[in-house]
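**Q** In full-length UniProt numbering, the protein residues as written are 1 to 398. Below you'll find the structure I mean.
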């Protein structure tokens, strides 16, 4: 927990009398982290933010000064990004794009559109022809991993809904060559999420570049851009052992010499790794009870606010912010932390050791800045939403 967040929570704990539940975001920490990521990248690389990770306006505006652009995965995200960061380049990805969304992307002037299938390419050809405007595309490819180790969430390297099979590439290239309105700028890859291994990710980038080099030679392609996706993970179980971005970037030039020689730009499209650490989910303990030999703490909130633990099937890291006047109801016991929902699946952490706990104490869940509030089933049981606090340069606002 950053000092700014701790100070704000201690202030709020003294002020509040009603059971508390909130998200707290440290925008200063987010800015510093993003700037460090950007500085570490070698020449010839770009950093984009995948808005799906957390599309809050304050997050987007904070990032806009330090990223090269943003990725949208729906027409709704395109509109939202145009409203919040109108001056930044946008790219449009994701499967199952509607014809109306393709037309919207062309009208809004997206920098490049990621094509997921031959069907989508044919659909885009028709839309581009009607618009009369040129469209730059990357072909998203799903390729075999060729011995590279996987992660616990594979987006490719095996049969998935994402991207074109390599066997479809000749047909896609022929279709693009026959379309006067579509220009191939390069390729998009995103085979893994939750990547924590620097060596594996470097090997993956090398595989991408080797593939593109082979394709360019085989079909005499002239391209300038390779989107190597995101997929950099957050180590929720060992928060002190996150992916070593600095080491990764230091070793990256050994792999990217070929891309620089060809004039290819490498684009990183990160989401979770960029924003997760700036967010905290806080809920006040309403009840502490022992049931059939196990301790439970029921908090003001739950997975309808903070779905990350359920989505990841893990015990989410947390700390306890005690109220000094509260006599502990338990000491040095394993506790399951649950919310207010009428389901036994409303669990944020199961049987985790706690030094002391009582009703009125606050549970502070770290690493809550990505795929958290925005992916939660917010209307279930019609509980009121959490408050939101934005901390920036030691100033907080709700």
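Where a beta carbon is used, it is the ideal one built from N, C-alpha and C, also for glycine. Here the structure is a predicted model, which is why all the values come from computation and not from measurement.
1. Using DSSP with H/G/I as helix, E/B as strand and the rest coil, what is residue 270?
2. Quick check on the DSSP output: what are the complete beta strand (DSSP E) runs of length 3 or more inside the segment 240-317, in order along the chain?
3. Once the 5 residues before and after residue 187 are set aside, which same chain residues still bring their CB inside 6 Å of it?
4. Which of the three DSSP states, helix, strand or coil, is assigned to residue 387?
5. With DSSP run on the structure shown, which of helix, strand or coil describes residue 212?
6. Between which two residues does the alpha helix (DSSP H) harbouring residue 37 extend?
7. Please classify residue 178: does DSSP put it in a helix, a strand, or coil?
8. Please classify residue 76: does DSSP put it in a helix, a strand, or coil?
9. Taking 8 Å as the limit between beta carbons, can you name the residues of its chain near residue 221, skipping five residues before and five after?
10. Return helix, strand or coil for residue 53, following the three-state DSSP convention.
11. Under 8 Å Cβ to Cβ from residue 385, same chain only, skipping five residues before and after it: list those, please.
12. Helix, strand or coil: how does DSSP classify residue 81 here?
13. Would you check if the distance between the CB atom of residue 436 and the CB atom of residue 2 is smaller than 7 Å?
14. Using beta-carbon positions only, say whether residue 272 and residue 370 come within less than 7 Å of one another.
15. Nearest to residue 293 by CA position, among 334, 318 and 321, is which residue?
16. State the beta-bridge partners of residue 48 as determined by DSSP.
17. Give me the residue from 253, 198, 105 and 119 with the minimum Cα distance to residue 133.
18. Helix, strand or coil: which one does DSSP assign to residue 201?
19. Using DSSP with H/G/I as helix, E/B as strand and the rest coil, what is residue 347?
20. DSSP state of residue 323, grouped into three classes?
21. Can you look up residue 110 in the DSSP assignment and give me helix, strand or coil?
22. Measuring only the C-alpha atoms, how far is residue 15 from residue 7?
23. Rounding to the nearest angstrom, what Cα-Cα distance links residue 71 and residue 101 in this structure?
24. Alpha carbons only, please: which of 258, 94, 223 and 375 is nearest the one belonging to residue 163?
25. Comparing alpha-carbon positions, which option in 206, 127, 118 and 125 lies nearest residue 167?
26. At which residues does the alpha helix (DSSP H) containing residue 338 begin and terminate?
27. Say the cut is 6 Å; is the CB of residue 70 nearer than that to a heavy atom of the ligand COA?
28. Helix, strand or coil for residue 207? Go by DSSP, reduced to three states.
**A** Reading off the structure:
1. It is a strand residue.
2. The qualifying runs are 265-270, 279-291 and 294-299.
3. The answer, listed in chain order, is 138, 139, 141, 212 and 226.
4. Strand.
5. For residue 212, the three-state secondary structure derived from DSSP is helix.
6. Residue 37 -> alpha helix (DSSP H) spans 27-40.
7. Of the three classes helix, strand and coil, the one that applies to residue 178 here is coil, per DSSP.
8. Of the three classes helix, strand and coil, the one that applies to residue 76 here is helix, per DSSP.
9. For residue 221, where only same-chain residues beyond five positions count, the Cβ hits under 8 Å are 173, 184 and 215.
10. If DSSP states are grouped into helix, strand and coil, residue 53 belongs with the helices.
11. Hits under 8 Å: 305 and 378.
12. The answer is helix: DSSP assigns residue 81 an H, G or I state.
13. The chain is shown from 1 up to 398; residue 436 falls before or after that span and cannot be answered.
14. With respect to the 7 Å criterion, residue 272 and residue 370 are classified as neighbours on the basis of their beta carbons.
15. Comparing Cα positions, the closest option is 334.
16. Per DSSP, the beta-bridge partners of residue 48 are 69 and 269.
17. Among 253, 198, 105 and 119, the Cα nearest to that of residue 133 is on 105.
18. In this structure, residue 201 counts as helix in the three-state DSSP scheme.
19. Here residue 347 sits in strand by DSSP.
20. If DSSP states are grouped into helix, strand and coil, residue 323 belongs with coil.
21. In this structure, residue 110 counts as coil in the three-state DSSP scheme.
22. C-alpha separation (whole angstroms): 13 Å.
23. Their Cα atoms are separated by approximately 14 Å.
24. Nearest of 258, 94, 223 and 375 to residue 163, Cα basis: 94.
25. Sorting 206, 127, 118 and 125 by C-alpha distance to the C-alpha of residue 167 places 118 at the top.
26. Per DSSP, residue 338 belongs to no alpha helix (DSSP H); it is in the beta strand (DSSP E), 330-338.
27. Here there are no bound small molecules, and the ligand COA is not part of this structure.
28. Residue 207 falls in the helix class under three-state DSSP.
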